[in-house]
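Visitor:
Numbering (my numbering), first residue to last: 669 to 873.
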């Protein structure tokens with residue numbers, strides 16, 4: 669279990685690096701959008717390439733950032749029922765969802781999109797708009813994004829197994845491995861049980 673948790677930490681570290689790179693993509697998209705607007709309004713200069721690079725950057729942000737969003741528990745959840753369940757029950761549901769739905773989805777998206785990327789690369793497919801960009805780089809974002817999401821899914825699966833085994837903090841609280849990020853994030857700690865740190869404080873009194 670310890671070796672698997674080390675692997676999970678390594679994957680989380682890689683996802684954080686990807687997230688830091690995505691910040692610069694957001695900045696680039698903002699600057700290009702501003703420059704494009706200024707050129708069009710002030711100088712009547714338009715460029716389909718400028719418009720399309722904004723779309724490419726936006727696609728890169730949400731596709732390449734899906735893995736880090738998963739690590740930070742930033743994806744949309746249906747809380748109507750989940751909030752009524754214990755943390756352990758939610759963890760079991762997460763494990764089932766990752767295994768039954770997320771892993772197969774990532775595999776299918778990579779398997780189905782990769783031939784499209786290769787075909788576009790080999791043919792040199794270009795945008796149908798005048799002055800537009802080559803297409804294969806934006807197509808490649810689909811398999812790349814789902815590969816990163818699938819990689820993070822491996823980490824999240826390990827963390828949830830570790831939590832159930834009492835070897836790791838609740839990933840729904842800390843979004844990672846460090847138990848001191850949340851006061852209740854103790855390995856194997858169930859919400860209905862007293863917090864171990866609270867019990868220690870009471871014993872000291």
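Ideal placement from N, C-alpha and C gives every residue a C-beta, glycine not left out.
Taking the alpha-carbon positions, what's the residue 705 to residue 771 distance?
Guide: Spanning the two alpha carbons is a distance of roughly 41 Å.
Visitor: Go through its chain and collect everything with a Cβ distance to residue 827's Cβ below 6 Å, but skip five positions before and after it.
Guide: The residues are 676, 836, 839.
Visitor: Mind listing, in chain order, the continuous alpha helix (DSSP H) runs of no fewer than 4 residues lying wholly within the stretch 713-769?
Guide: You should have 716-732, 734-739, 747-750, 755-765.
Visitor: Judging by CA-CA distance, which residue of 775, 672, 733 is the nearest neighbour of residue 686?
Guide: With distances taken between Cα atoms, residue 686 lies closest to 733.
Visitor: Compute the beta-carbon to beta-carbon distance between residue 785 and residue 808, rounded to the nearest angstrom, for a pair I have assumed lies under 8 Å.
Guide: Confirmed, about 5 Å.
Visitor: In terms of alpha-carbon separation, which member of 762, 774, 722 lies closest to residue 702?
Guide: It is 722.
Visitor: In the DSSP assignment, find the alpha helix (DSSP H) that holds residue 700 and state where it starts and stops.
Guide: Element bounds for residue 700: 670-711.
Visitor: Between which two residues does the alpha helix (DSSP H) containing residue 828 stretch?
Guide: Run containing residue 828: 804-832, per the alpha helix (DSSP H) assignment.
Visitor: Counting along the chain, where does the alpha helix (DSSP H) carrying residue 776 start and finish?
Guide: Element bounds for residue 776: 771-791.
Visitor: By Cβ distance below 7 Å, which residues in the same chain neighbour residue 789 in space, the five residues on each side in sequence not counted?
Guide: Excluding sequence neighbours, residue 789 sits near 804.
Visitor: Determine the contact status of residue 834 and residue 716, defining contact as a CB-CB distance below 8 Å.
Guide: It is not a contact, given that the beta carbons lie outside the stated cut-off.
Visitor: Out of 682, 758, 725, 775, which has the shortest C-alpha to C-alpha gap to residue 697?
Guide: When each option's Cα is compared against that of residue 697, the closest is 725.
Visitor: If you drop the 5 nearest sequence neighbours on each side, which residues of the same chain put their C-beta closer than 7 Å to that of residue 679?
Guide: Counting only Cβ-Cβ distances below 7 Å, and skipping sequence neighbours, we find 819, 820, 822, 823.
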